[in-house]
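Protein chains in written order, with my numbering: chain A, 1 to 178; chain B, 1 to 748.
The structure is reproduced here in C-alpha cells:
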C-alpha cells in the first residue's frame, strides 16, 4: 500500500533536488485544503498530520506499518501514513478521517460503525473506517471472506471484528440497491 | 421508570470516535510542548558503566539528556500494590535511573528531551551507553534450581497457598485420576494506543495527561514518588486506546515524564514506542501449571491439586493468582493450590485481561475434558454434576447461573448428539472438532469508597461526574444510563463527565469492577439529588406535592409526581425556578460490602467452540464460538455483548496465536512488534454468538458483576478441547502453534 514515486520523480527531475535535512516549507493538501508547514524531510505523514496540523484523527499504534491505525488515503488509495514521508505527498490529495463527513453529514460508514458497535476504545477506528470505505471502492468487499481478508491490515485489539464486517456489509448492500 | 438501563443505546462517545474527534493522551497539544524519548537498557542484568551523551546533546533541538547521574532521587519508594485498592499503585517496587544497576532489558537508562518528536528519537539513538553484563535468568528453564513458594501475592494482598482437606490421601485413594502439566508462553497486552504521558508544571503544581485505566492511581502514585501533596497533582484522561491491564498500574515512564518536565521547565510528552511497550508496562508472565484431579467412577470430583510456577522480577513476588476459580467452581472436599516463583531479569509482570484465572481455568477445564473422556461422561454433564452450590466456606453464591449457561450454550451450539470420538469428523482435508469449557471469574471487592456528584440545572438537564476514565468499556455510556434512570430524566438530558481527578474520585477500573463501582457511585449521587428535590417539593406549600409522603413520589421525564396519581406533580424545573435555584447538586458514595460477606462471589459462564484443523499443515481455524454468561444486571446489552465478544477473541488468541519467547542469550524478548507477536486480525475471527442468562444479585453493586474478563475465561480451553476432539492429540502448551498441532511424521 505504498506509493510508487520513482517513475514520476524520474520524469520530473533531471538532476535531483536536495531538500533538507533542516526544516523547510512543504505544501500539503489535506482534505482539500492547502497547508504550508515547516517540516524536516524525515517527518512522516502521520507525525505531520498529528503534531503539526492538529489532525489527530489518524492514530499511531505502532509507527512501523503493522497495525493500520494510521490508514489515510493518498490520491484515493489507502496508505499507511506512518510509513509515508510527508514531503513525498506534495502535489497529492491526502484524505483523513476528518475529511469524510461532507458538510457535517457523517459518511454512511461512520453511521454503520456506530450502529454495529464496531469499536470499543476507538483508537483503531479511524483507520478501520478509512480502510472499510476504500475496500468497497477497490471491489474487495464482494464476499464475507473478501471483507475479512482485506480488512486484516487493520488490527482491533478490542476485537470488534464481527461488528466491523457487519458495518461494511451494510454499507455495501445499501449502495447496491439505490 | 427504568427506561435507560438495559437498553442497547449507542455509545455516548461514538460520534467522537468515528470522526477522529476523540483526543487521546499523545494528542493533547500545549504551548511550548517538548518531546521525550526513552533509552532502554540493552542488557538484562549488570551495570551501566558509562553514559556518553555528548553526541546526543550536540544533535539539533536537544534540550536535555537525563541519566542516573543527573536525575534527582525520588522522594518515596515504590511498593507494588493493585490500583483497585485506591492507594499509590506502582507496577513494580523499583524505580529506574536511581543508580547504575540494570535488572531487566528495556529498563530506562536515559531520557532525551527535544523540541520535536523526530529530534528526540534521533538523539536517543546517539546516547552511547557502556554496560557491564552480568549473568541473567530470564526464563523458567534457566531458574529451575531457585524455585521458591510465594508466601503472598499481589503486593501482599493474597496468600500464595490455598488448601483444605487432605489432598495427598484423597488423590491416592481416588478411583480415577487425571494428571496434566501445561506450559504457557508470556503474553503482552498490546493495547493499540501505546502508553503516553504529558506532564506540565505550573507554580509547583503538576498536571498529567496520562493514558491510564486509573487516573486516581496515577495521581496517588506520582504524588508519592515525587513527595508532592495530593492536591498538587491533577490527572486528566479523556480517551484511552485500550488497556487490558497494561494501564492498570502506574509505570515508571509516567513519573519520568514529570521529572523531565520539571528539569526542562516546559511541558513534556513521553509516548512509548510499540517496541518499548514490551518492556515498560508489564506482561503476563511465562508460567507452568500442573493439575491433578481425583474422581469417583460416576464422575464426582474428590480432590484437586493445582500448582503454578512462574517467573517474576528481582523486586516483587508477583504471580497472577491462578487458583481462585479451581478452588471454588466445583464441589470438591480436598484442595491444594500453590504458587511458586523464580526471580529473574524481567520487569514485574502485571494484570493481563482475565488475570491468573484465565490460565487457571484453562488448566482446570482441559483436565475436566480429559476426565470426561476417561469416564465416558459428556463434558457438559460432568460440569453440571460437580458444580458447587456454595463457595468452600459454605456461603451461597451471591448469584449463580452456571447450570443455565451450560444448558443454554449446549442448545445454541447444537452440542447434543455430538460424537465424542476424536478425529471422527472431516470436511475435505480438515478435521473438525468441538469443545467446551465452563467459565468463572472472581468478583473483586477490594476498593475503597467510590464517589460521584450529580447536578440538576433549572432547565431540567443534569450533569453527573466521577473521576473514572473511558478505555473502551463504555463506562461513559452506562453511567449516563444509570444517572438518567435514578434522576428520572430522559437520556438526552444527562451529560456524564469523567477523566479528571478534580472530580469525585473512583478507583482504577480493573478486575471487571469498573462498571459496577462507578454505576453504584453515580446511582448514589443521583438518588441523593432526586431525594433532596422531592423533599423540597413535599415541604413546599406552593408545590402540588405539598404534604405528600416522599416515598409515594416518583420521577419521570424530569417531573416529580405521585406514583398512584401521576396527574399530581411538578417538574424539577418548576420547583427550582420557584426557589431561585439555578442549579443544585449532591454527592453520593458507595462502599463495597465487607470482604467477609457471607456470599460466594464468582461470575459464571460457558464457552463452546468448533475448529477445523489441517493436520498436515498444523493450521487451526475457529469456525464458530458460542458464549453464554450470567454477569448479573446488564446495563447495556449492545456494549456488554461487544466486550464479551472481545474477551472470547482474546481467549481464541491465547489458545492459538499469542506468546513471546525469551531469547535467553540476550535476555530480551524474541518479539517486540505486531509483526512478530501475533494478535488476531479480522480473518482469524469467526462469527461469535453471545447470550445472557439473567441472574438477580443483591450483594454486588446494583446487581452488576461485570463483563471485562468473563468473556475470555474458558474460551481458550474450549478451543483447545476442540483441537483435541479434532486431532486426538492433547497438546500441553500455549499457544497451539502450527508445529505442535500438525501430525507427527509417521514412523517408518
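Every residue gets a Cβ at the ideal spot worked out from N, C-alpha and C, and that includes glycine.
Within chain B, the residues placing a beta-carbon under 8 Å from that of residue 96/A are 20, ordered along the chain.
Counting the other CB atoms within 10 Å of its CB gives residue 283/B a total of 16 or more, which places it among the buried residues. Closer than 8 Å to the CB of residue 398/B there is not a single CB belonging to chain A. Cβ atoms of residue 553/B and residue 534/B come within 8 Å of each other, at about 5 Å.
Under a criterion of Cβ atoms nearer than 8 Å, the residues of chain A adjacent to residue 638/B are, in order, 117.
Within 7 Å of the CB of residue 117/B, the CB atoms of chain A belong to 47, 51, in sequence order along the chain. Going by C-alpha positions, residue 23/A is about 5 Å away from residue 39/A. For the stretch 118-132 of chain A, residues whose beta-carbon sits nearer than 7 Å to a beta-carbon of chain B comprise 119, 120, 121, 122, 123, 124, 125, 126, 129. Annotation: residue 108/A to residue 433/B spans about 39 Å, alpha carbon to alpha carbon. In the displayed model, residue 253/B falls within a helix according to three-state DSSP. Residue-level contact check: residue 164/A touches chain B, since one or more beta carbons of chain B fall below 8 Å from its beta carbon. Spatial neighbours of residue 504/B in its own chain (CB-CB distance under 7 Å, excluding positions within 5 residues in sequence) are listed in chain order as 451, 452, 453, 465, 466, 467, 587. Within a 10 Å sphere around the beta-carbon of residue 125/B sit fewer than 16 other beta-carbons, which makes this residue exposed. Rounded to whole angstroms, the Cβ separation of residue 343/B and residue 314/B is 5 Å, and the two are in contact under 8 Å. Legend: CB atoms of the stretch 679-692 of chain B lying less than 9 Å from CB atoms of chain A belong to residues 679, 680, 681, 682, 683, 684, 685, 686, 687, 688. Taking all protein chains in view, the Cβ of residue 73/B is surrounded by fewer than 16 other Cβ atoms within 10 Å, so the residue is classified as exposed. The three-state reading of DSSP puts residue 163/A in helix, counting H, G and I together.
Around the Cβ of residue 643/B, a 10 Å sphere holds 16 or more other Cβ atoms; the residue is buried. Among the residues of the stretch 179-191 of chain B, those with a Cβ less than 9 Å away from any Cβ of chain A are 189, 190, 191, in the order of the chain. Taking a Cβ-Cβ threshold of 7 Å, the residues of chain A close to residue 674/B are 62, 66, 67, 155, in chain order. As computed with DSSP, residue 128/B is found in a beta bridge with 52/B. Distance from the Cα of residue 80/B is smallest, within the candidate group 618/B, 251/B, 510/B, 47/B, for 251/B. Remark: C-beta atoms of residue 515/B and residue 473/B approach each other more closely than 8 Å. The continuous beta strand (DSSP E) containing residue 340/B extends over residues 334-343.
Within the model, the alpha-carbon separation for residue 41/B versus residue 271/B is close to 17 Å.
Look at residue 468/B here: in three-state DSSP terms it is coil, with no helix or strand label. In the displayed model, residue 232/B falls within a helix according to three-state DSSP. Using a Cβ-Cβ cut-off of 7 Å, residue 110/A is close to 18, 19 of chain B, given in chain order. DSSP, reduced to helix, strand and coil, places residue 742/B outside both helices and strands of the structure shown, so it counts as coil. Judged by DSSP secondary structure, residue 560/B falls outside any alpha helix (DSSP H) and instead within the beta strand (DSSP E) spanning 559-562. Cβ proximity to chain A below 9 Å picks out 470, 471, 472, 473, 474 from the stretch 453-484 of chain B. Bridge pairing for residue 269/B: 35/B, 198/B [DSSP]. The stretch 216-226 of chain B makes no contact with the stretch 475-486 of chain B: fewer than 3 CB pairs, one atom from each, lie closer than 8 Å.
For residue 73/A, the uninterrupted beta strand (DSSP E) segment begins and ends at 71-74.
Identification of chain A residues near residue 273/B by a Cβ-Cβ cut-off of 8 Å yields 63, ordered along the chain. Judged by DSSP in its simplified three-state form, residue 387/B adopts strand.
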